[in-house]
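Visitor:
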Amino acid sequence: MKTNLTIDNYLDSHYIHRSNWLRAAVLGANDGIISVSSLAIGVAAASKTTEPIILATVAALVAGALSMAAGEYVSVSSQTDIEKADIEREKQELKDMPEEELKMLAQIYEKRGLKKETAMQVALEFTENDALGAHIRDELGINEISQAHPIQAALASGSSFVAGGVLPLLVVLFAPLTGMEYWLYGFTIISLMILGALAAKTGGSSVAKAILRVTVWGTIAMGLSAFVGYLFGVNV
421 MKTNLTIDNY
431 LDSHYIHRSN
441 WLRAAVLGAN
451 DGIISVSSLA
461 IGVAAASKTT
471 EPIILATVAA
481 LVAGALSMAA
491 GEYVSVSSQT
501 DIEKADIERE
511 KQELKDMPEE
521 ELKMLAQIYE
531 KRGLKKETAM
541 QVALEFTEND
551 ALGAHIRDEL
561 GINEISQAHP
571 IQAALASGSS
581 FVAGGVLPLL
591 VVLFAPLTGM
601 EYWLYGFTII
611 SLMILGALAA
621 KTGGSSVAKA
631 ILRVTVWGTI
641 AMGLSAFVGY
651 LFGVNV
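For the sequence shown, the working numbering assigns the number 421 to the initial residue and increments by one for each residue that follows.
#1: Drop a sphere of 10 angstroms on the beta-carbon of Met517, count the other beta-carbons inside from all chains shown, and report buried for 16 or more, exposed for fewer.
#2: Where does Ile453 fall in DSSP's three states?
#3: Label Trp637 either buried or exposed according to how many other C-beta atoms from any shown protein chain fall within 10 Å of its C-beta, with 16 as the threshold for buried.
#4: Can you tell me which of the three DSSP states Gly561 falls into?
#5: Return yes when at least one heavy atom of the ligand PLP lies under 7 Å from the C-beta of Val627, else no.
#6: Going by C-alpha distance, which of Val482, Ala460, Ala485 and Ala465 is nearest Ile474?
#7: Given this structure, state the Cα-to-Cα distance separating Ala485 from Ser577, to the nearest angstrom.
#8: Using the beta-carbon count (16 or more within 10 Å), is Phe581 buried or exposed?
#9: Measure from the alpha carbon of Glu601 to the alpha carbon of each residue in Ser455, Ala464, Glu510 and Ser611, then state which is nearest.
#10: Does Phe647 pass the burial test, meaning 16 or more other C-beta atoms within 10 Å, or should it be called exposed?
#11: Three-state secondary structure (DSSP) at His555?
#12: Take Lys511 and list the residues in its own chain whose beta-carbon comes closer than 7 Å to its own, dropping the five residues that flank it on each side.
#13: Given this structure, state the Cα-to-Cα distance separating Asp558 from Ala476, to the nearest angstrom.
#14: Are Leu525 and Ala554 touching if we call contact CB-CB under 8 Å?
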């Protein structure tokens, strides 16, 4: 049964409203899988027992999750601070020079394809209804979809890092020491392929391209880590 399209459900068939949390979640899970696995591979390449590998993997998992969450919170909070500062500046400009701001708004609509008279009429009506909202949306480009949410981003990034990092930890706990690097690499690549496919499906993008991207970069990261382990050859 076809749903009637309204202002309340028109985004249901689109994916852009998922971009903020999906970006943080994919980044966290991808980083969790690759960084924890890469470290485990590097240590495994230079270890004769499993205990140092487990210790390093657990430490990487905990530290990485906290670092990802804190980094994401600080980063997105900085974006929020910039947005708030711009909004306050816009409030002052509307108070100090309303005519100039009205003309600016009209020019924006004119550049988007409206005739000069129509653009001015639209700007006037928006200004009468909600001048600040119109300028925040159309001049600054801030809306409900693009607006930063620090807590949401931090939780998505930190929890997804743990979810991703647990996967190589399980390999370290249960795989044999001999050839553990290969077990880690194979399991990690499969995990990355699944993550890429899920992220692409959730975001409505190309599955093949997502899988190829995470597989290539994951292989490079783990290969370099294993090389470092072999290069130094410190037996732990």
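Glycine included, C-beta positions come from ideal geometry on N, C-alpha and C.
Guide: So, from the data block:
#1: exposed
#2: helix
#3: exposed
#4: coil
#5: With respect to the ligand PLP, the structure shown offers nothing to examine, as it has no ligands at all.
#6: Ala460
#7: 8 Å
#8: buried
#9: Ala464
#10: Exposed, by the Cβ-count rule.
#11: helix
#12: Leu552
#13: 49 Å
#14: yes
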